[in-house]
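Numbering (this note's numbering), first residue to last: 196 to 934.
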């Protein structure tokens, strides 16, 4: 039962983005309808950006829970806001509204330039306003003012109207972005509710289906519901990296979910614009994913069909300095000169770095402008350090705009998923650009969808140089192990291995400690390295799993307690993930786990603090990428200041979900990383995850020394398992013209 009350907002108790807890005081006799705290107040809880401290409102409420601040209520509607006719506001009424979030002088400046500023912003958006016409109002402040007004007079109305759909402020932005106006939103939610909730509002199918079965019984047996059930199955299939699914497997999944929808499955597969279905071989896929692979295949085939051979003597670059390149390394230079697209596929220790250095020399001598790219921030830094040239990540460079270079060299291509590769294709604006894709095909597949690099190699249509000779096989223990792992070959009985009780050593830079006490052994070995004077930034621990006794979460917490322990009265922030509490302290090493193009620099954060109307959304001026490792330089009440390379970046509490400690990281996240010392866990508890690609990656992260800790039997069993074979994709057949 709803409660109608007049109340004044007296205090903001908590805020995280648009989510707020506010303390309110009833006005007049209305206090009898709500449960008050000992201070005569009650709490409002939810996404409430439209309510201002110090302002009186007519409210419609629903009781939620009792807290230490009094009973908390959900706001159902705010009649005193939604009943205002914005097109008929007088100047005085407009100024009163503007002064709830800006100064008298700013309000006068705004209304002098645009007397109908409020209705313009609410009805047409901030693009209807030219900040050059308003004194002392720039884009950041315009963005802040527009957010305040749309929340109060536009989004609030949608919240009230569609409360049965459990929409929030973020949903309102998405709905207007998709459907443009309220009439479009009405039509979308009425005619395409599954599309609206799942594709527009990013609800899971299970969540949307549960809600819609309650609200719309007419959809329980419908093509629309069947279509999104099929799409849900295909999305789940993509979680393992595959881009396609056999129709029989799809049928089995659908039968298990709700067999009432089976009569509609084939029809929606054939007719839906969101689904690709090949009736000849019964392969099914998400249409956008299939078209992405088609885009990659077309790009490659177009490059190969329009080759322009360069008049360059590549043999001049066989020896630069003391190192003479092998014939296969030279093949990489030859392919660059002959073909518009080529591959250099090199195993660890196979000479990829030398190949790139000599290729750079060839390009620079012949005045070929080029762009060096890699898949992650860490991989980009490794490439930059090895060739002494500026590099960038694919994401960062594409975000900056078109790439017009004559040559584009992409390192660690194995780690590029379909979306990243398509992003790169879209950014390349030089039709004659020569593309060189470099990677190690024996690494783990990327964490996203597809296996582009290995599919290109397997197609045999892209010219390639395969660097399989390991030059330091006998002199480098970790490369000896990596080579045997890559070949799926056991090596512990080899003459190069020296056994001392439960420790197996090779050339003083590799050892395997066979032990059941994995957790404490990892900690001991980590602390031994630190006690030798090795910096924490030069050590990387790897675990196949984040969860569990030997997972990265627990190990990170323990290592943190040893090398960065709590101190009295320190400032900390915490988050919980999979039941484990993670604490962030000054000087902790952390890893970012999601690309974010709307981050805030420390300088912009200080500006935001000076004027509380500005939010992260208004002053965002930088970006961070998945896999970047940084150091916490300051812990604030509302977030963290983290140093990534030379950049100081503010992390608000709302973004802590993208942050983990990085003393120990998952093996998948380590790809592209290079550190002097690495430690890896090989636990029998991790059997389901372990394979030879994962072991290969962990063994090849170090430049000086690597330690494996765990069970030899588990290690050897994993040599017979390959992860790449599990992915089913279209690209190989598309490249070969078999599709």
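Backbone N, C-alpha and C fix where the C-beta goes; we use that ideal spot for every residue, glycine too.
Please read these numbers as outputs of a predicted model, since none were measured by experiment.
Pick out whichever of the options has its Cα sitting closest to the Cα of residue i.
i           : options            : result
residue 233 : 261, 247, 223, 207 : 261
residue 803 : 449, 854, 815      : 815
residue 471 : 481, 462, 463, 477 : 481
residue 752 : 764, 728, 784      : 784
residue 854 : 878, 626, 819      : 819
residue 222 : 215, 239, 200, 242 : 200
residue 476 : 443, 398, 546      : 443
residue 840 : 908, 417, 822      : 822
residue 495 : 654, 570, 540, 218 : 654
residue 560 : 857, 515, 576, 591 : 515
residue 755 : 780, 765, 735      : 780
residue 596 : 573, 622, 582, 365 : 622
residue 743 : 765, 774, 704      : 774
residue 571 : 599, 503, 397, 641 : 641
residue 392 : 517, 535, 357      : 357
Please state if the CB of residue j and the CB of residue i are separated by a distance shorter than 9 Å.
i           : j           : result
residue 281 : residue 336 : no
residue 605 : residue 929 : no
residue 276 : residue 313 : no
residue 420 : residue 429 : no
residue 882 : residue 745 : no
residue 274 : residue 254 : yes
residue 425 : residue 479 : yes
residue 708 : residue 436 : no
residue 777 : residue 771 : yes
residue 416 : residue 459 : yes
residue 733 : residue 796 : no
residue 250 : residue 298 : no
residue 423 : residue 395 : no
residue 243 : residue 355 : no
Assuming residue i and residue j form a contact by the criterion Cβ under 8 Å, report the distance between their Cβ atoms to the nearest whole angstrom.
i           : j           : result
residue 644 : residue 613 : 5 Å
residue 673 : residue 894 : 5 Å
residue 759 : residue 782 : 6 Å
residue 656 : residue 630 : The Cβ separation is near 14 Å, so there is no contact.
residue 701 : residue 666 : Not confirmed; about 17 Å, so no contact.
residue 706 : residue 902 : 5 Å
residue 440 : residue 449 : That belief does not hold up - the Cβ atoms of residue 440 and residue 449 are roughly 11 Å apart, past 8 Å.
residue 871 : residue 899 : 4 Å
residue 338 : residue 791 : 18 Å between Cβ atoms; not a contact.
residue 523 : residue 662 : 6 Å
residue 209 : residue 216 : 4 Å
Using C-beta distances below 7 Å, list every residue in its chain close to residue i, excluding the 5 sequence neighbours before and after it, in chain order.
i           : result
residue 513 : 519, 520, 525
residue 934 : Unreliable placement is indicated for residue 934, whose pLDDT of 49 sits below 50; the coordinate value is still reported in the next sentence. The residues are 925, 928.
residue 683 : 887, 914, 915
residue 562 : none
residue 713 : 745, 876, 878, 904, 905
residue 410 : 359
residue 310 : 286
residue 636 : 540, 609, 648, 649, 652
residue 897 : 673, 870, 871, 872, 873
residue 140 : Any question about residue 140 goes unanswered here, given that the chain covers just 196 to 934.
residue 326 : 332, 333, 334, 337
residue 235 : 220
So, at 8 Å on beta carbons, what are the nonlocal neighbours of residue i in its own chain, with the 5 sequence-adjacent residues on each side left out?
i           : result
residue 509 : 525, 528, 529, 531, 532, 557
residue 861 : 737, 738, 739, 740, 741, 747
residue 584 : 555, 567
residue 789 : 821, 853
residue 474 : 465
Using C-beta distances below 6 Å, list every residue in its chain close to residue i, excluding the 5 sequence neighbours before and after it, in chain order.
i           : result
residue 837 : 825, 827, 844, 846
residue 677 : 543, 891, 894, 895
residue 328 : 308
residue 212 : 849
residue 427 : 400
residue 698 : 706, 708
residue 550 : 524, 527, 539
Taking 8 Å as the cut-off, is the CB of residue i close to at least one heavy atom of the ligand FMN?
i           : result
residue 778 : As presented, the structure is devoid of all ligands, the ligand FMN included, so that no description of it is given.
Is there a C-beta anywhere in chain D that falls below 9 Å from the one on residue i?
i           : result
residue 598 : No chain D appears in this structure, which consists of one protein chain only.
Could I get the ranges of all uninterrupted beta strand (DSSP E) runs contained in the stretch 197-224, with 3 residues as the minimum, in chain order?
198-211, 214-221
Alpha helix (DSSP H) runs contained entirely in the stretch 738-762, provided each spans 4 or more residues:
747-758
Entirely enclosed beta strand (DSSP E) segments - the stretch 508-548, minimum 3 residues:
536-541
Please give the ranges of any beta strand (DSSP E) in the stretch 398-478, keeping only runs that are unbroken, at least 3 residues long and fully inside the region.
Fully enclosed beta strand (DSSP E) runs of 3 or longer: 470-473.
Identify every run of the alpha helix (DSSP H) within the stretch 758-828, keeping only runs that are complete inside it and at least 4 residues long; order them along the chain.
797-805, 811-814
Secondary structure, alpha helix (DSSP H): runs of 4+ residues fully inside the stretch 269-321
Residue ranges of uninterrupted alpha helix (DSSP H) with 4 or more members, entirely inside the stretch 269-321 and ordered along the chain, are 274-277, 286-293, 299-308, 312-319.
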